[in-house]
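Novice: Protein chains in written order, with our numbering: chain G, 88 to 395; chain D, 2 to 352.
Glycine included, every Cβ here is placed at the ideal spot set by N, Cα and C.
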């Protein structure tokens with residue numbers, strides 16, 4: 088059901104996308120936030136300066152909502168957008184991050200608005216109302232996630248917690264990657280964004296995670312435009328014959344191993360024959376927040392169990 | 002009448018069948034993935050009982066031929082035939098060279114009906130590869146019929162002096178109104194926008210045989226009824242009074258043909274979305290080439306319509322491979338310039 092916003096997000100990512108290298112998740116040094124023992128206001132991050140600790144934050148980005156709660160700023164969040172469904176105690180409202188309404192946001196009298204996309208010039212509209220805005224665009228590498236966690240920690244007065252979250256994520260992802268069994272021939276995969284065969288290449292944030300785990304993306308040759316989000320034809324997909332299929336459209340579009348296997352011709356693919364269809368949680372798979380660790384774990388689990 | 006309507010000439014029938022064969026072969030042999038034509042032919046022969054040839058294709062490649070291309074070519078032939086036949090029928094019934102499912106509002110009405118059906122479908126699967134709910138063709142039909150009735154009613158408000166333009170203007174007004182209603186429903190059901198949008202632009206889904214089987218009974222039924230009325234349409238071109246004098250009930254035939262053509266249009270729209278211009282290009286080309294008798298226009302429109310749409314679909318799925326462009330874009334790309342030519346010559350063309 089959330090397909091349209093997700094595709095919009097994908098396009099926004101595509102627009103902002105340059106080349107994303109492999110994230111250096113094995114590193115273990117703590118982020119810069121860890122060194123600042125106490126939160127001191129006023130604080131400046133980029134172009135945002137806050138005179139005192141924000142107590143009425145509005146988040147228009149599900150990923151940033153998850154980050155705010157992860158760094159311990161959950162109690163300071165006054166309202167989150169209609170797509171922010173995690174954690175469960177986030178104060179979900181009808182605010183939209185895709186069609187943001189400055190008046191509706193201002194009604195919450197926020198002292199900080201965090202968002203990922205400057206849709207419909209909302210940033211300048213909020214600026215005119217003298218509401219500070221932090222923009223954390225869709226990550227292109229895992230380091231963007233760490234940086235945004237760090238910056239949100241500083242802005243909300245939780246720099247130490249944020250540094251802890253980042254250190255824990257680096258540590259867990261590093262361990263997960265280490266435990267992946269080595270293979271002589273790389274497994275190939277297809278990552279499904281929606282049933283019309285929109286997918287990601289290894290140049291995207293999601294794709295970079297799969298590269299970390301040692302998988303090869305079948306969509307890379309198809310992305311002549313370099314958007315990172317090509318649409319495959321059914322013919323191209325069957326010809327590529329992926330070893331594994333990852334579904335990021337299980338919630339939006341009710342796709343499953345059963346529906347994929349029933350598609351015309353798909354039963355002949357290696358992934359379907361070997362039952363290597365992995366249903367992911369759409370939300371986790373489309374966000375770049377702290378639950379990226381869960382996504383990497385899901386990928387690693389599937390790859391570890393896959394036949395050689 | 003200046004030219005005496007002639008019967009269907011065998012050489013044109015032959016040309017029509019040949020065009021279908023050429024389109025089918027091209028549609029099967031070519032696609033975003035390059036397969037050796039010999040192997041494709043071998044796999045098609047393997048479909049015949051008792052034939053077993055080693056084509057050298059991997060199982061997924063065999064599936065490309067037999068489970069993706071074959072049903073898609075069949076669907077292209079069927080949808081093209083239905084739309085072109087419906088266009089030819091509307092042109093005869095309304096005695097208007099510009100009548101086609103698109104301009105009369107039938108397609109927009111069918112689109113609105115189908116959108117309502119998709120939007121109201123509880124717990125939307127959001128999956129256009131899933132089977133169409135059985136209600137979609139029915140809802141599309143209701144919408145199509147309503148639209149044609151509206152257009153006809155509005156267009157004939159001017160009485161017997163009505164010009165061909167009045168009917169088309171009425172069709173444009175009805176189309177705008179129905180499209181607005183459809184947009185409103187879409188906006189209030191955001192989760193279906195993507196699904197309906199790709200469908201609005203027209204597409205032949207790569208979905209096995211399901212869509213073919215949905216459309217087939219409508220196509221066959223429509224073809225039988227319409228082709229049997231070829232002579233009546235010819236008689237009706239001389240005018241209602243004269244037709245009545247010749248023992249034809251023009252109004253009864255007219256209603257029957259409108260219902261049947263709308264039903265066929267609705268079924269085609271339900272499976273393939275809104276594919277413009279096939280209904281107007283094809284019958285007019287046939288009229289220009291093979292004569293003005295509906296006894297030749299109707300069957301030839303069917304054949305050339307199927308071939309035309311299959312070739313357009315081939316373009317749609319190969320030019321930006323591995324992605325696809327909506328087939329409606331391809332037909333409109335060829336259709337719009339043609340439409341201008343038709344407009345320029347319409348006055349001289351007996352319908």
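Among the candidates 279/D, 41/D and 96/D, whose CA atom is the shortest distance from the CA of residue 169/D?
Specialist: Looking up residue 169/D in the second chain gives position 168. Closest by alpha carbon: 96/D.
Novice: Using only the alpha-carbon positions, how far apart do residue 150/G and residue 189/G sit?
Specialist: Stepping through the first chain from its first residue, residue 150/G is reached at position 63. Stepping through the first chain from its first residue, residue 189/G is reached at position 102. Distance between the alpha carbons of residue 150/G and residue 189/G is about 20 Å.
Novice: Using alpha carbons as the reference points, say which of 306/D, 230/D, 288/D and 112/D lies closest to residue 184/D.
Specialist: Position 183 of the second chain, counted from the start, is the residue given in the question as residue 184/D. Of 306/D, 230/D, 288/D and 112/D, the residue nearest in Cα terms is 112/D.
Novice: What residues in the stretch 270–304 of chain G have a beta carbon less than 7 Å from any beta carbon of chain D?
Specialist: The residues in question are 282 and 283.
Novice: Does the structure place the stretch 323–333 of chain G close enough to the stretch 273–281 of chain G that three or more beta carbon pairs sit under 8 Å?
Specialist: Result yes; three or more Cβ-Cβ pairs closer than 8 Å.
Novice: Thinking C-beta only, is residue 225/G closer than 8 Å to residue 158/G?
Specialist: Translated into the one-based positions of the first chain, residue 158/G becomes position 71. Translated into the one-based positions of the first chain, residue 225/G becomes position 138. For residue 158/G and residue 225/G, no; Cβs fall outside 8 Å.
Novice: Examine chain C for any beta-carbon lying closer than 8 Å to the beta-carbon of residue 65/D, and answer yes or no.
Specialist: You won't find chain C in this structure, because its protein chains are G and D.
Novice: Does any C-beta atom of chain G lie closer than 8 Å to the C-beta of residue 33/D?
Specialist: In the second chain, the residue the question calls residue 33/D occupies position 32. Output row for residue 33/D: interface = yes.
Novice: Closest to residue 88/D by C-alpha separation, out of 53/D, 77/D, 259/D and 48/D, would be which residue?
Specialist: Here residue 88/D is taken as the residue at index 87 of the second chain, counted from 1. Checking every option, the nearest Cα to that of residue 88/D belongs to 259/D.
Novice: Considering only C-alpha positions, which residue in the set 105/D, 140/D, 79/D and 118/D is nearest to residue 150/D?
Specialist: Residue 150/D sits at position 149 when you count from the first residue of the second chain. The candidate whose alpha carbon is nearest that of residue 150/D is 105/D.
Novice: Using a C-beta to C-beta distance shorter than 9 Å, which residues of chain D count as neighbours of residue 187/G?
Specialist: Translated into the one-based positions of the first chain, residue 187/G becomes position 100. By Cβ distance, chain D contributes nothing, its closest Cβ being about 15 Å from residue 187/G, past 9 Å.
Novice: Helix, strand or coil for residue 190/D per DSSP?
Specialist: As a first step, residue 190/D is located in the second chain; it is residue number 189 there, counting from the start. Residue state, collapsed to three classes: coil.
Novice: Is there at least one Cβ from chain G nearer than 8 Å to residue 318/D's Cβ?
Specialist: Along the second chain, read from residue 1 onward, the residue named residue 318/D stands at position 317. Yes, because at least one Cβ of chain G sits closer than 8 Å to the Cβ of residue 318/D.
Novice: Run through DSSP, which three-state label would residue 144/G get?
Specialist: For the purposes of this step, residue 144/G is taken as residue 57 along the first chain, with counting starting at 1. Residue 144/G: strand per DSSP, three-state reduction.
Novice: Could you pull the DSSP bridge partners for residue 332/G from this structure?
Specialist: Taking the first chain and counting its residues from 1, one reaches residue 332/G at position 245. Residue 332/G is bridged to 277/G and 364/G.
Novice: Closest Cβ-Cβ distance between residue 263/G and chain D: below 8 Å?
Specialist: Taking the first chain and counting its residues from 1, the one referred to as residue 263/G is at position 176. It does not; no Cβ of chain D falls within 8 Å.
Novice: Would you say residue 169/G lies against chain D (beta-carbon separation less than 8 Å)?
Specialist: Locating residue 169/G in the first chain gives position 82, where the first residue counts as 1. No - not a single Cβ of chain D is within 8 Å of the one on residue 169/G.
Novice: Could you check where the beta strand (DSSP E) with residue 130/G kicks off and where it finishes?
Specialist: Position 43 of the first chain, counted from the first residue, corresponds to residue 130/G. From DSSP, the beta strand (DSSP E) with residue 130/G extends over 130–132.
Novice: Closer than 8 Å, CB to CB, is residue 307/G near chain D or not?
Specialist: Counting from one through the first chain, the residue named residue 307/G turns up at place 220. No, because no Cβ of chain D sits closer than 8 Å to the Cβ of residue 307/G.
Novice: Please classify residue 233/G: is it buried, with 16 or more other beta-carbons within 10 angstroms of its beta-carbon, or exposed?
Specialist: Position 146 of the first chain, counting from 1, holds the residue named residue 233/G. So residue 233/G ends up on the buried side.
Novice: Give me the residue from 346/G, 373/G, 347/G and 283/G with the minimum Cα distance to residue 324/D.
Specialist: Here residue 324/D refers to the residue found at position 323 when the second chain is read from its first residue. Checking every option, the nearest Cα to that of residue 324/D belongs to 283/G.
Novice: Indicate whether at least one CB of chain G lies closer than 8 Å to the CB of residue 325/D.
Specialist: Taking the second chain and counting its residues from 1, the one referred to as residue 325/D is at position 324. Chain G, which has a Cβ nearer than 8 Å to the Cβ of residue 325/D, makes this yes.
Novice: Contact criterion: CB-CB distance below 8 Å. Does residue 317/G meet it with respect to chain D?
Specialist: Start at 1 with the first residue of the first chain, and residue 317/G comes out as number 230. Judged by the 8 Å Cβ criterion, residue 317/G is in contact with chain D.
Novice: With DSSP as the reference, identify every bridge partner of residue 285/G, one or two as the case may be.
Specialist: To locate residue 285/G, count along the first chain from 1; it is residue 198. DSSP, once it has assigned bridges, lists 318/G as partnering residue 285/G.
Novice: Where do the N-terminal and C-terminal ends of the beta strand (DSSP E) with residue 202/G fall, by residue?
Specialist: The count along the first chain starts at 1 and reaches residue 202/G at position 115. Taken as a continuous stretch (DSSP letters only), the beta strand (DSSP E) holding residue 202/G covers 199–202.
Novice: May I ask you to check if the CB of residue 260/G is nearer than 7 Å to at least one heavy atom of the ligand SAM?
Specialist: Looking at this structure, you won't find the ligand SAM or any other ligand, since it has none at all.
Novice: Per DSSP, residue 185/D forms a beta bridge with which residues?
Specialist: Here residue 185/D is taken as the residue at index 184 of the second chain, counted from 1. Answer is none; residue 185/D lacks a bridge partner.
Novice: What's the gap between the Cα of residue 245/G and the Cα of residue 236/G?
Specialist: Taking the first chain and counting its residues from 1, the one referred to as residue 245/G is at position 158. Taking the first chain and counting its residues from 1, the one referred to as residue 236/G is at position 149. So the alpha carbons of these two residues sit roughly 10 Å apart.
Novice: Go ahead and label residue 292/G buried or exposed: buried means 16 or more other beta carbons lie within 10 angstroms of its beta carbon, across all protein chains shown.
Specialist: Translated into positions along the first chain, residue 292/G becomes position 205. Residue 292/G comes out buried.
Novice: Between which two residues does the alpha helix (DSSP H) harbouring residue 317/D extend?
Specialist: Along the second chain, one-based indexing puts residue 317/D at 316. Note, residue 317/D: alpha helix (DSSP H), 295–319.
Novice: Give a yes or no on whether the minimum CB-CB distance between residue 328/G and chain D is below 8 Å.
Specialist: Mapped onto the first chain, residue 328/G falls at position 241. Yes - at least one Cβ of chain D is within 8 Å of the one on residue 328/G.
Novice: Extract the residue ranges of the beta strand (DSSP E) inside the stretch 173–257 of chain G, only unbroken runs of 3 or more that lie entirely within it.
Specialist: The qualifying runs are 199–202 and 220–222.
Novice: Three-state secondary structure (DSSP) at residue 127/G?
Specialist: Sequence index remark: in the first chain, residue 127/G carries index 40 (1-based). If DSSP states are grouped into helix, strand and coil, residue 127/G belongs with coil.
Novice: Taking only beta-carbon atoms, is residue 355/G less than 8 Å away from chain D?
Specialist: For the purposes of this step, residue 355/G is taken as the residue at position 268 of the first chain. Yes - at least one Cβ of chain D is within 8 Å of the one on residue 355/G.
Novice: DSSP on residue 137/G, reduced to helix/strand/coil?
Specialist: Residue 137/G sits at position 50 when you count from the first residue of the first chain. Correct three-state label for residue 137/G: strand.
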